[in-house]
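Asks: One structure, as structure tokens, below. Some questions next.
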Amino acid sequence: MQVRSSHDLSSPDDDGPAPPVLQLALAGLGWGLLTCMLCFAILFLTKWLLPPEYWGAHTGLSKFKREMSLPLLVFWVVIYSPILETFLGQLLPLEILRRLGASRQLSIFIGAILWAIVHFISGGLLHAIVALGSGAMFSFVYLRYRGPSVAVAYATTTFSRACNNIAILVAVFYGLDA
1 MQVRSSHDLS
11 SPDDDGPAPP
21 VLQLALAGLG
31 WGLLTCMLCF
41 AILFLTKWLL
51 PPEYWGAHTG
61 LSKFKREMSL
71 PLLVFWVVIY
81 SPILETFLGQ
91 LLPLEILRRL
101 GASRQLSIFI
111 GAILWAIVHF
121 ISGGLLHAIV
131 ALGSGAMFSF
141 VYLRYRGPSV
151 AVAYATTTFS
161 RACNNIAILV
171 AVFYGLDA
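Structure, rendered in structure tokens:
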């Protein structure tokens, strides 16, 4: 039995062994690609349902593609953004909600709403609606892999987000405007 401090983020029932790294990497890849498909489905459905005047600012990757060099864009999309966004969008709010005793469903809902609000501020309604779906998925992934430790949940979600961003980046380079 391990001695735990009050500052330890894991709970006593989280003592199971961590899943193998390859298993987590494959899970992250799968969740990232699934999230990408969900985001494009939401994007196309929303563009079909809402007139362009409600979409808001165009802040997709195609904008960044025009403004950044390819190496900087890849660094930003594949490394920097997933690390920062997972920390701010999942780790902080979901761990706070966990400490407050929120249920898994409420945590996913609040995580998705917060993520959508941030994207609404930066890009308008269309960006927020798509972010609502991805925020829910990434919150789900974080909580799904939270059992072993915060590190496992963070790493799996970050890798999932990186895979999602790579898939979106490839789609944008092939002309599918996100």
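Residue 1 is where the sequence shown starts when you use full-length UniProt numbering, and the numbers rise one by one after that. Quick reminder that beta carbons are idealized off the backbone N, C-alpha and C, glycines included.
(1) Just to confirm, does Leu169 get its C-beta within under 6 Å of one of the non-hydrogen atoms of the ligand NAD?
(2) Look at the alpha carbon of Leu22 and the alpha carbon of Gly147, and state the distance between them as a whole number of angstroms.
(3) Near Arg4, what residues of its chain come up, given a Cβ to Cβ distance below 6 Å and the 5 sequence neighbours on each side ignored?
(4) Just how far apart, CA to CA, sit Ile79 and Ala25?
(5) Does the structure place the segment 45-59 close enough to the segment 131-151 that three or more beta carbon pairs sit under 8 Å?
(6) In this structure, does DSSP put Cys81 in helix, strand or coil?
(7) Would you grab the beta carbon distance between Thr158 and Pro52 for me? Rounded to a whole angstrom, and I think it's under 8 Å.
(8) Starting from Arg146, trace the alpha helix (DSSP H) both ways and give me its first and last residue.
Replies: According to the structure shown:
(1) For the ligand NAD, the structure offers nothing, since it holds no ligand at all.
(2) Residue 22 sits at position 22 when you count from the first residue of the sequence shown. Residue 147 sits at position 147 when you count from the first residue of the sequence shown. Their backbone Cα atoms lie some 17 Å apart in a straight line.
(3) Looking up residue 4 in the sequence shown gives position 4. Legend: pLDDT at Arg4 = 48, less than 50; position of this residue unreliable, no value from coordinates given.
(4) Here residue 79 refers to the residue found at position 79 of the sequence shown. Here residue 25 refers to the residue found at position 25 of the sequence shown. Distance between the alpha carbons of Ile79 and Ala25 is about 15 Å.
(5) no
(6) Here residue 81 refers to the residue found at position 81 of the sequence shown. In the sequence on display, residue 81 carries Ser and not Cys. In the structure shown, Ser81 sits in a helix (DSSP, three-state: H, G or I).
(7) By 1-based counting over the sequence shown, the position of residue 158 is 158. By 1-based counting over the sequence shown, the position of residue 52 is 52. So it is not a contact: roughly 34 Å between Cβ atoms.
(8) On the sequence shown, position 146 is the one that residue 146 refers to. Here Arg146 belongs to no alpha helix (DSSP H), and DSSP marks it neither H nor E.
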